[in-house]
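Report on the following structure.
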């Protein structure tokens with residue numbers, strides 16, 4: 069089951085999202101709904117979006133279209149920058165980078181961390 073935590077840091081103008089586990093379509097739809105409620109009161113073009121994917125599993129093929137829709141939504145919302153932080157997971161990094169390119173998200177930055 070996929071889990072998510074959304075936090076708005078108005079002082080730093082950052083929306084922080086933590087993703088964990090394996091998302092089903094239902095989990096994805098719940099996270100999108102929570103995301104939309106989080107960004108409604110702000111102007112996304114003044115904010116950065118920081119997504120922690122270190123505990124996220126590779127997305128199953130049937131959920132990929134939903135994830136791609138998220139990238140398109142992030143682009144449409146117009147964030148200053150979209151940052152993804154992953155653990156050293158080349159497959160997930162390739163998957164997310166490909167979806168970001170496909171959605172035309174040019175301000176996407178993917179960082180891999182190595183857990184010691």
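Numbering (my numbering), first residue to last: 69 to 184. Ideal placement from N, C-alpha and C gives every residue a C-beta, glycine not left out.
Within the stretch 95 to 154, the complete alpha helix (DSSP H) segments of 4 residues or longer fall at 132 to 145, listed in chain order. In the three-state scheme derived from DSSP, where H, G and I count as helix and E and B as strand, residue 176 is classed as strand. Beta bridge pairing from DSSP links residue 75 with 84. With distances taken between CA atoms, residue 90 lies nearest to 99 out of 169, 99, 181, 82. If you look at residue 168, you'll find it in the alpha helix (DSSP H) that goes 158 to 171. Excluding residues up to 5 positions away in sequence, 139, 142, 143, 150 lie with their Cβ nearer than 7 Å to the Cβ of residue 173 in the same chain.
Ranking 164, 154, 123 by CA distance to the CA of residue 135 puts 164 first.
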